[in-house]
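Below you'll find the structure, written out as structure tokens, and then a few comments.
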Amino acid sequence: MKKLLVIVLMLSIMLGMVGCGNNNDQQNNTDATNDQSQDTSNESHGITAEDENEIKSVGPNGETAVNAFTLSLTDAEKNQIREGGFKAAISFHYGGNDWSSTQLKALNDTFADLGIEVVGVTDANFAPEQQVSDLETLMALDPDVIVSIPTDPAATADAFRRVSNAGVKLVFMDNVPNGFVAGVDYVSCVSADNYGNGIVAADLIGEALNGRGNVGVVYFDVDFFVTNQRLEAFKKTMADKYPDIEIVAEMGFQDPNEASGVADAMITKHPNLDAIFAHWDVPAEGVLSSLRAAGITDIKLSTIDLGNNIAKEVAAGNILGLGAQLPYDQGVAEATLAAYALLGKEAPAYVAVPAKRVDRNNIIEAYENIYKVSAPDWLLKAKESSN
């Protein structure tokens, strides 16, 4: 037990410190959220009335999305949860990025406010077999609820079925195991508007190329619900809205650390590329590294997810921009839905936070909206230095 506790503590520290670029800035910045009240109005999150109706994604089983900002608990419900002595555990697919560390921060903050003890946090590092083992470890800690993102909807289904059959409430991030039914096998699934973010990434390139050019796609070659949505949206938007832009290359990776090598092969085989879309911020860093190593400065790049390193590159004008998730708000929604389940309160099957377009023009405001902190000095300096 002592060994397990040490592992959990070390992992929690690592998730808080490790960002996309292994930067310490995010840990310093997110600590400031303890001093900020959690206003759940759309205005406080930088969401306009128009955005509120613009969620494009549907759930894993075709469910219509409920806006995450409509979830709420009364004071009486919060007090009931606080008196329950409940325990929660968290099982990540991958902990080494700002998205995960920010979700963890939000989950910890919200569970703490509700008096729910977080007894364990695990990181499967994209390995389904590791997540199966992680779930067994977490179940030994006797949680009442587990919040998790399945690494693989098929390979982890049996393990999650055992969790569900044991009576533990399941709230999923982004992905749902095969054969699972909301309200029966799990509480709810919470995601960003990944389809909407795919549209944003396509528009950034389409506008920058004035509707003409050749594009490459560096994508996650794994059957993962949310990344599939992003890619589908990107390609459909290009075909429908920018017919004179051709996607001339699509190359996949299964390990995000492979993205640089994939980009090397792509730019060698297709020297006429005008732009590249990378599936999220970590592989986008690899693509950018590859372009720099080759001395290429005229290929434009868009992506999804506002990690710290990518935020700095957007501010400096080296990346067009991205479709941003709202990981802190997503984590708050997941913890809130866990409380719904513990109260026996009916929960929507699929919940989403709106997509957010981020480019150099709004990078400072967007960073503050997404991370709930003041823009850090390194981001302000990156923006100023490129003026």
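Residue numbers for the sequence shown follow this note's numbering, so the first one is 257 and each next one is one higher.
By construction, the Cβ of each residue, glycine as well, lies at the ideal position given by its N, Cα and C atoms.
These numbers come from a predicted model, not from an experiment.
Check, Outcome
"Cβ-Cβ distance between Val322 and Ala448 below 8 Å", "no"
"Sheet register partners of Ser404 (DSSP bridge)", "Ser347 and Phe428"
"Gly600 (DSSP reduced to helix, strand or coil)", "coil"
"Which residues DSSP lists as bridging Val473, in chain order", "Glu506 and Phe533"
"Sheet register partners of Glu333 (DSSP bridge)", "Note: Glu333 sits in no beta bridge, so no partner."
"One or two residues paired with Ala580 in a DSSP bridge", "Lys612"
"Residue from Gly573, Ala567 and His535 with nearest C-alpha to Val624", "It is Glu, not Val, that sits at residue 624 in the sequence shown. Checking every option, the nearest Cα to that of Glu624 belongs to Ala567."
"Sufficient close CB pairs (3 or more, under 8 Å) joining the region 326-338 to the region 387-401", "no"
"Ile560 - containing beta strand (DSSP E), residue span", "Lys556 to Ile560"
"Reference Ala638, options Glu590, Arg613 and Asn565, closest by Cα", "Asn565"
"Buried versus exposed, by CB contacts within 10 Å (16 or more), Val427", "buried"
"Residues bridged to Thr320 [DSSP beta-bridge criterion]", "Val314"
"Beta-bridge pairing of Glu590 - partner residues as DSSP gives them", "Beta-bridge pairing links Glu590 to no other residue."
"Extent of the continuous alpha helix (DSSP H) run through Asp354", "Asp354 to Asp369"
"Distance between Arg613 and Asp585 (C-alpha atoms, nearest Å)", "16 Å"
"Exposure of Ser347, with buried meaning 16 or more beta-carbon neighbours within 10 Å", "buried"
"Those residues which DSSP pairs with Ile501 across a bridge", "Gly469"
"Beta-bridge partners of Tyr606, as assigned by DSSP", "Cys445"
"Ser558 burial status per 10 Å Cβ neighbour count (16 or more: buried)", "buried"
"Rounded straight-line distance, which links the Cα of Pro583 to that of Tyr627", "8 Å"
"Cβ pair count under 8 Å reaching 3, the region 584-600 against the region 538-553", "no"
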